[in-house]
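Enquirer:
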Amino acid sequence: MSAPAPIEVAGLRKVYRQTTTGEAVTAIQQLDFRIEPGEVVAIVGQTGCGKSTFFDILIGLEAPTAGSIEIGGRTPYGDFDGFRGRIATVFQQDRLLPWRSALDNVRLGLEMLGLPEAQQVERSREWLARLGLGDFLQAYPHELSGGMRQRVAIARAFAVQPGILLADEAFGHLDEVTASQLRDEFVGLARANGATAVLITHQLEEAIGIGNRILVFGKPATLLADVRLDGYGADDTALLREAIQATLQTNRIDPRLLQ
Amino acid sequence: MISPDLGGTPPARLPREAFVALAVLAALWETLARLSPALGIPAFAVPSLVRIGEALTKITPLDVAVTLARVLGALAASFALGVAGAVVMYLSQTADRYAKPIVRLLMAVPVVSWILFAILWFRWVEFRIGFVLVVVCAPVFLIDILDAMKGVSRELREMVRSFRPTRVQFFVKLMLPATLPAILTSWKINLSLAIRVVTIAELVGAVTGIGHQLAVAQELFSVANVFAWTLVLVVLLFALEAAVNWLEHRLLRWRT
Numbered sequence: 000m001s002a003p004a005p006i007e008v009a010g011l012r013k014v015y016r017q018t019t020t021g022e023a024v025t026a027i028q029q030l031d032f033r034i035e036p037g038e039v040v041a042i043v044g045q046t047g048c049g050k051s052t053f054f055d056i057l058i059g060l061e062a063p064t065a066g067s068i069e070i071g072g073r074t075p076y077g078d079f080d081g082f083r084g085r086i087a088t089v090f091q092q093d094r095l096l097p098w099r100s101a102l103d104n105v106r107l108g109l110e111m112l113g114l115p116e117a118q119q120v121e122r123s124r125e126w127l128a129r130l131g132l133g134d135f136l137q138a139y140p141h142e143l144s145g146g147m148r149q150r151v152a153i154a155r156a157f158a159v160q161p162g163i164l165l166a167d168e169a170f171g172h173l174d175e176v177t178a179s180q181l182r183d184e185f186v187g188l189a190r191a192n193g194a195t196a197v198l199i200t201h202q203l204e205e206a207i208g209i210g211n212r213i214l215v216f217g218k219p220a221t222l223l224a225d226v227r228l229d230g231y232g233a234d235d236t237a238l239l240r241e242a243i244q245a246t247l248q249t250n251r252i253d254p255r256l257l258q
Numbered sequence: 000m001i002s003p004d005l006g007g008t009p010p011a012r013l014p015r016e017a018f019v020a021l022a023v024l025a026a027l028w029e030t031l032a033r034l035s036p037a038l039g040i041p042a043f044a045v046p047s048l049v050r051i052g053e054a055l056t057k058i059t060p061l062d063v064a065v066t067l068a069r070v071l072g073a074l075a076a077s078f079a080l081g082v083a084g085a086v087v088m089y090l091s092q093t094a095d096r097y098a099k100p101i102v103r104l105l106m107a108v109p110v111v112s113w114i115l116f117a118i119l120w121f122r123w124v125e126f127r128i129g130f131v132l133v134v135v136c137a138p139v140f141l142i143d144i145l146d147a148m149k150g151v152s153r154e155l156r157e158m159v160r161s162f163r164p165t166r167v168q169f170f171v172k173l174m175l176p177a178t179l180p181a182i183l184t185s186w187k188i189n190l191s192l193a194i195r196v197v198t199i200a201e202l203v204g205a206v207t208g209i210g211h212q213l214a215v216a217q218e219l220f221s222v223a224n225v226f227a228w229t230l231v232l233v234v235l236l237f238a239l240e241a242a243v244n245w246l247e248h249r250l251l252r253w254r255t
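Same order as they appear, the protein sequences are chains A and B. So in numbering that gives the first Met the number 0, the last one in the first sequence is 258, and the numbering has no gaps at all. So in numbering that gives the first Met the number 0, the last one in the second sequence is 255, and the numbering has no gaps at all.
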């Protein structure tokens, strides 16, 4: 696995210019925070608050307008190729390639890394087996259920053994039982592999249940609250949910989160 | 869930209805051929099936091979040009904006005009025919492939880019397989187009090939020969389409 490194977000700002009207739209107002190696962090915010824009900048698919995201001192956008195999992503939909079998979909990232074919196959088989899909190696995506397809997507991300794992609303479209199971598997595997995990979600239960920490984004994206969950007990779940809900609704930090 | 059949849809075979329809058509033709003198139609204009069959036995394979080689050679060149143009226009919006009007203009020029230009511009017959075929087929490949490339979903492009592929990996692992169905469809369209165009080009300016033999048959007032060569053209087209269908079945078996 690639060595985990801290993620440092400093003065991050993103402004789009609408192609039709030319009007400037602020997606990210200002973001400053640091995520330590091995942390499991949930990011919550209202729909359209800039979470996915932040996600695209974090992956390196987009450049910020101002400020920076640095991982181990390097920017994912500027040093795009340098992060090959270091960051892997599970997207909102499974995004499997329909012409590839489950095994070949998992191999995709390993092919980019240029691993020997035998190693690609072995590692892909291993990850699919760990996620309960050992009997479906040659199945095409259209032959699998939604939950199975998302498992393949998770296996694809873990197979490259990245130091940083990202999930963008990866479980929100699944039924509650499957979503909960996959979420637990994702976080469990990330922890077992010592990876830093960042999960973007709009579901508060999900955010409270998975991580060490919740970053609450305002709209447009600013950091309204940085909630360290180790300061709260199991009995505080309802309070946390209400306080974060209030923060999101008022776009201002709720005093109950200031403890 | 796993479906029992992983082989995909088999390629279409000629159904029984097609055989029946063709047999009925042949019977009607034969009846017309026998009744033509009584109907006041000259006998040579509606040859019997026997006479068409006799003409078919005199088909010269060399002319068929020459036409086939011209079609396949020109399509290969057109495909290479079409792919290259599509990749450049996909990668550069500026190239796309400047090149697209020219491509559209080329596509709007009638085939007959291209043949006349070729006769006026070039002396070598093979080059004339190749030029006409390429100038007609390459823009079709280019536009079909470019449209297919632009149609690859943003979600899949982002997913593949998130693994940080090289430019070559991006095209080989995503764009090529994603556009393969459109590429094969474009080949089918261009095969049909090329067979038609090569026939006209050979008819006007060649001394070999099926088009030339059609011109000879017309000069000899041999309707049976025209029928025979036309049948060869139709069978050739069906055979080439069947080959592409077979390839499609092999390469796109992942589709339901």
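The C-beta atom is built at its ideal place from N, Cα and C for all residues, glycine as well.
Does any residue of chain B bring its CB to less than 8 Å from the CB of Q92 (chain A)?
Expert: Closer than 8 Å to some Cβ of chain B, the Cβ of Q92 (chain A) qualifies, so yes.
Enquirer: Between T195 (chain A) and chain B, is there a C-beta pair that is closer than 8 Å?
Expert: Judged by the 8 Å Cβ criterion, T195 (chain A) is not in contact with chain B.
Enquirer: What do you reckon, is the C-beta of V24 (chain A) under 7 Å from a heavy atom of the ligand SAM?
Expert: The model on display carries no ligand, and the ligand SAM is accordingly not part of it.
Enquirer: Rounded to whole angstroms, how far is the Cβ of G210 (chain A) from the Cβ of V39 (chain A), which I believe are closer than 8 Å?
Expert: With 8 Å as the limit, G210 (chain A) and V39 (chain A) qualify as a contact, their Cβ atoms being about 4 Å apart.
Enquirer: Whose C-beta lies closer than 8 Å to the C-beta of L61 (chain B) among residues of the same chain, with five residues either side of it excluded?
Expert: Cβ neighbours of L61 (chain B) beyond the five flanking positions: T207.
Enquirer: Near V243 (chain B), which residues of its chain fall below 8 Å by C-beta distance, leaving aside the five closest residues on each side in sequence?
Expert: Cβ within range, chain order: L183, W186, K187 and L190.
Enquirer: Taking the alpha helix (DSSP H) that S35 (chain B) falls in, what are its first and last residues?
Expert: First-last of the alpha helix (DSSP H) with S35 (chain B): R15 to L38.
Enquirer: Is it a yes or a no for the stretch 129 to 138 of chain B touching the stretch 102 to 113 of chain B, going by three-plus beta-carbon pairs under 8 Å?
Expert: Segments in contact, yes.
Enquirer: Within the continuous alpha helix (DSSP H) that includes Q248 (chain A), where are the two ends?
Expert: Per DSSP, Q248 (chain A) belongs to the alpha helix (DSSP H) from T236 to T249.
Enquirer: Nearest chain A C-beta to S161 (chain B) closer than 8 Å, yes or no?
Expert: Yes, contact with chain A.
Enquirer: Among A:I213, A:V159, A:V176 and A:A152, which has the Cα closest to the Cα of A169 (chain A)?
Expert: The residue with the shortest Cα to Cα distance from A169 (chain A) is A:A152.
Enquirer: I think G81 (chain B) touches I144 (chain B), with their Cβ atoms under 8 Å apart; what is that distance to the nearest whole Å?
Expert: About 6 Å; that satisfies the 8 Å criterion.
Enquirer: Expressed to the nearest angstrom, what Euclidean distance is found between the alpha-carbon atoms of E154 (chain B) and G162 (chain A)?
Expert: Near 23 Å, if we compare the C-alpha coordinates of G162 (chain A) and E154 (chain B).
Enquirer: If we ignore side chains and look at the alpha-carbon of each, how far apart do A9 (chain A) and A189 (chain A) end up?
Expert: Approximately 25 Å between the Cα atoms of the pair.
Enquirer: Going by DSSP, what residue range makes up the beta strand (DSSP E) through R33 (chain A)?
Expert: That run of the beta strand (DSSP E) goes A23 to I34.
Enquirer: State yes or no: is the C-beta of F226 (chain B) within less than 8 Å of the C-beta of F43 (chain B)?
Expert: Contact flag unset, no.
Enquirer: Just confirm the distance between the C-beta atoms of A285 (chain B) and L74 (chain B), as a whole number of angstroms; I'd bet it's less than 8 Å.
Expert: No statement about residue 285 (chain B) is possible, as the shown extent of chain B runs from 0 to 255 and does not include it.
Enquirer: Under 9 Å Cβ-Cβ, which residues of chain B neighbour R106 (chain A)?
Expert: None at all; the shortest Cβ gap to chain B is about 10 Å.
Enquirer: By a C-beta neighbour count over all protein chains shown, 10 Å radius and 16 as the cutoff for buried, is R96 (chain B) buried or exposed?
Expert: It counts as exposed.
Enquirer: Skipping 5 residues on each side, what residues in its chain have a beta carbon closer than 8 Å to that of K218 (chain A)?
Expert: Excluding sequence neighbours, K218 (chain A) sits near G44, Q45, G47, C48, G49 and N250.
Enquirer: Would you call L21 (chain B) buried or exposed, if buried means 16 or more other Cβ atoms sit within 10 Å of its Cβ?
Expert: So L21 (chain B) counts as exposed.
Enquirer: If I'm right that L236 (chain B) touches L179 (chain B) with Cβ under 8 Å, what's the distance once you round it to whole angstroms?
Expert: Not a contact, Cβ separation roughly 22 Å.
Enquirer: Which residue marks the beginning of the beta strand (DSSP E) containing R10 (chain A), and which one marks its end?
Expert: Contrary to the premise, residue 10 (chain A) reads as Gly rather than Arg in this sequence. Segment I6 to R16, the beta strand (DSSP E) holding G10 (chain A).
Enquirer: How many Å lie between W228 (chain B) and P176 (chain B) at the Cα?
Expert: Between W228 (chain B) and P176 (chain B), the C-alpha separation is close to 38 Å.
Enquirer: What would DSSP say about E38 (chain A), mapped onto helix, strand or coil?
Expert: If DSSP states are grouped into helix, strand and coil, E38 (chain A) belongs with coil.
Enquirer: Going by beta-carbon coordinates alone, are T246 (chain A) and Q28 (chain A) separated by less than 8 Å?
Expert: Taking 8 Å as the Cβ cut-off, T246 (chain A) and Q28 (chain A) do not qualify as a contacting pair.
Enquirer: How long is the line joining the alpha carbons of F82 (chain A) and R255 (chain A), rounded to whole angstroms?
Expert: Going by the C-alpha atoms only, they are around 39 Å apart.
Enquirer: Within its chain, find whatever has a CB closer than 6 Å to the CB of A54 (chain B); leave out the 5 residues flanking it on each side and keep chain order.
Expert: Excluding positions up to five away in sequence, the list reads A223, N224 and A227.
Enquirer: What do you get for I142 (chain B), buried or exposed, if any count of 16 or more other CB atoms within 10 angstroms of its CB means buried?
Expert: Counting Cβ neighbours within 10 Å, I142 (chain B) comes out buried, since at least 16 surround it.
Enquirer: Beta carbon of D167 (chain A), beta carbon of I199 (chain A): below 8 Å?
Expert: Going by C-beta atoms, D167 (chain A) is nearer than 8 Å to I199 (chain A).
Enquirer: Mapping DSSP to helix, strand and coil, what is G7 (chain B)?
Expert: Low local confidence applies: a pLDDT of 44 at G7 (chain B) is under 50, so the model's placement there is unreliable, with the coordinate-based value given in what follows. Of the three classes helix, strand and coil, the one that applies to G7 (chain B) here is coil, per DSSP.
Enquirer: Output yes if chain B places a C-beta closer than 8 Å to the C-beta of F53 (chain A); else output no.
Expert: Not one chain B Cβ lies under 8 Å of F53 (chain A).
Enquirer: Taking beta-carbon pairs under 7 Å, can you tell me which members of the stretch 70 to 88 of chain A lie near chain B?
Expert: Result list: F79, D80, F82, R83 and T88.
Enquirer: So, is T59 (chain B) buried or exposed, given that buried needs 16 or more other C-beta atoms within 10 angstroms?
Expert: By the 10 Å Cβ count, T59 (chain B) comes out exposed.
Enquirer: At a Cβ threshold of 8 Å, is K149 (chain B) touching chain D?
Expert: Here chain D cannot be found, since the structure's protein chains are A and B.
Enquirer: What do you reckon, are the CB atoms on T64 (chain A) and R12 (chain A) nearer than 8 Å?
Expert: Their beta carbons are under 8 Å apart, which means T64 (chain A) touches R12 (chain A) by this criterion.
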